[in-house]
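Be aware that the sequence shown starts at 24, since it is given in our numbering, and climbs by one per residue. Each residue gets a CB set at the ideal place from its N, CA and C atoms; glycine is no exception. For clarity, every value in this text was computed on a predicted model and none was experimentally measured.
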Amino acid sequence: MPELPEVETIANGVDRRVRGDSIVSVWFSKYKEPFKTPPVEMAAALVGLRIGRVYRVGKHIVVDLAAKSARKVKAQWIVHLGMTGRLLVSAADVPLPTHTHAVVHLASGRELRFVDARRFGRLELYVAGGFTGPGHEPLTISPAEFAGLFRGRKLAIKAALLNQSLLHGVGNIYADESLFRAGIRPTRRAGRLTRERLAKLHRGLKTVLQAAIRAGGSSVSDYVDADGVEGFFQIQHRVYGREGQPCLVCGTPIRRIVLAGRGTHFCPHCQT
């Protein structure tokens with residue numbers, strides 16, 4: 024599933040290409056799974072609006088929409104990529120990829136396409152005000168607020184990092200990578216970690232996420248950016264996907280366990 028750096032990369036790419044463009048028409052597939060808002064309702068609302076800023080909130084891509092002659096945001100189109108979703112900006116004459124579920128035709132002649140083979144992604148029209156997402160933003164949360172999220176919690180710190188109601192946007196890859204950089208074993212109880220260790224985790228998480236954004240995300244499965252280009256942060260992974268390989272710091276073989284239903288990678292020596 025695309026995580027914060029991948030979603031950020033896609034949102035930034037889409038924003039550069041379509042901000043200020045207007046929606047001429049839309050097409051949606053017959054499958055019901057990708058749609059939290061009925062396609063007929065979305066189509067009626069989207070046509071004629073101008074695309075404002077496109078940005079990330081947690082693992083969601085938010086497209087601000089306004090009337091052509093106004094600046095005030097009238098609605099927001101929310102895109103969640105699920106496991107295999109892609110949001111692509113394409114020329115109209117480029118053949119539609121298989122598993123395309125939405126095509127937004129723009130006045131410039133380009134198209135914004137949502138493609139999702141497994142149909143776990145979701146499209147939603149949001150008109151209730153500014154979309155804020157389910158949890159705190161990992162890149163802007165303060166060290167004190169970060170530590171407060173885990174106070175008294177009995178679950179493992181890896182599971183806590185994956186809890187989107189606490190921190191939205193962090194997934195399996197970056198939870199493993201940040202815990203390695205903080206030297207914390209993923210099975211440690213979140214509520215028993217000291218403020219010093221949580222401060223180190225806070226720094227490690229931000230460092231990993233920012234480095235991954237600069238690298239265009241991690242392409243370990245289906246992820247590509249708005250132009251269909253893979254990221255390359257996977258070559259900087261220190262534990263994720265490296266089961267049995269020597270730790271890059273101490274040489275101890277990287278272990279893989281299942282924690283909270285997710286494959287979890289760590290160094291038994293460097294993480295305590």
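Buried versus exposed call for residue i [16 or more other C-beta atoms within 10 Å across all chains shown]
| i | result |
| --- | --- |
| Phe255 | exposed |
| Gln99 | buried |
| Gln259 | exposed |
| Cys293 | buried |
| Gly118 | The sequence given here places Pro at residue 118; Gly does not occur at that position. Under this definition Pro118 is an exposed residue. |
| Glu219 | exposed |
| Pro57 | buried |
| Glu168 | exposed |
| Thr287 | buried |
| Pro161 | buried |
| Ile280 | exposed |
| Val86 | buried |
| Thr32 | buried |
| Pro209 | buried |
| Gly227 | buried |
| Val252 | exposed |
| Ala67 | exposed |
| Gly284 | exposed |
| Pro120 | exposed |
Alpha-carbon spacing of residue i relative to residue j, whole angstroms
| i | j | result |
| --- | --- | --- |
| Val41 | Thr155 | 22 Å |
| Arg76 | Leu216 | 39 Å |
| Lys55 | Val96 | 27 Å |
| Ile164 | Arg136 | 32 Å |
| Arg237 | Val30 | 12 Å |
| Arg261 | Pro291 | 13 Å |
| Ile84 | Leu190 | 16 Å |
| Ala182 | Lys82 | 17 Å |
| Gly192 | Val126 | 26 Å |
| Gly264 | Leu202 | 14 Å |
| Ser131 | Leu72 | 13 Å |
| Leu172 | Pro157 | 14 Å |
| Ala114 | Tyr78 | 22 Å |
| Val49 | Asp250 | 20 Å |
| Ser92 | Leu184 | 43 Å |
| Gln268 | His128 | 47 Å |
| Arg174 | Asp116 | 54 Å |
| Asp38 | Ala235 | 19 Å |
| Leu111 | Val138 | 8 Å |
| Thr230 | Leu69 | 37 Å |
For residue i, three-class secondary structure by DSSP
| i | result |
| --- | --- |
| Gln99 | strand |
| Gly274 | coil |
| Gly108 | strand |
| Ala125 | strand |
| Leu146 | strand |
| Ala179 | strand |
| Arg40 | helix |
| Ile164 | coil |
| Arg299 | This structure gives no information on residue 299, because the portion of the chain shown stretches from 24 to 295. |
| Leu224 | helix |
| Tyr246 | coil |
| Val262 | coil |
| Ile236 | helix |
| Phe58 | strand |
| Ser45 | strand |
| Arg204 | helix |
| Val252 | coil |
| Arg174 | coil |
| Arg79 | strand |
Residues that residue i bridges to, as DSSP identifies them
| i | result |
| --- | --- |
| Ala89 | Arg73 |
| Pro269 | Pro276 |
| Arg285 | Leu282 |
| Val138 | Arg109 and Thr123 |
| Phe51 | Ala125 |
| His159 | Leu190 |
| Arg133 | Ala114 |
| Ile84 | Arg79 and Val102 |
Quiz item: Between the region 137–148 and the region 100–109, do three or more beta carbon pairs fall short of 8 Å?
Solution: yes
Exercise. Check whether the region 274–290 touches the region 62–77, taking contact to mean three or more Cβ pairs, one atom from each stretch, closer than 8 Å.
Key: no
Practice problem: Take every Cβ of the region 174–191, pair it with every Cβ of the region 203–216, and state whether three or more of those distances are shorter than 8 Å. | Solution: yes
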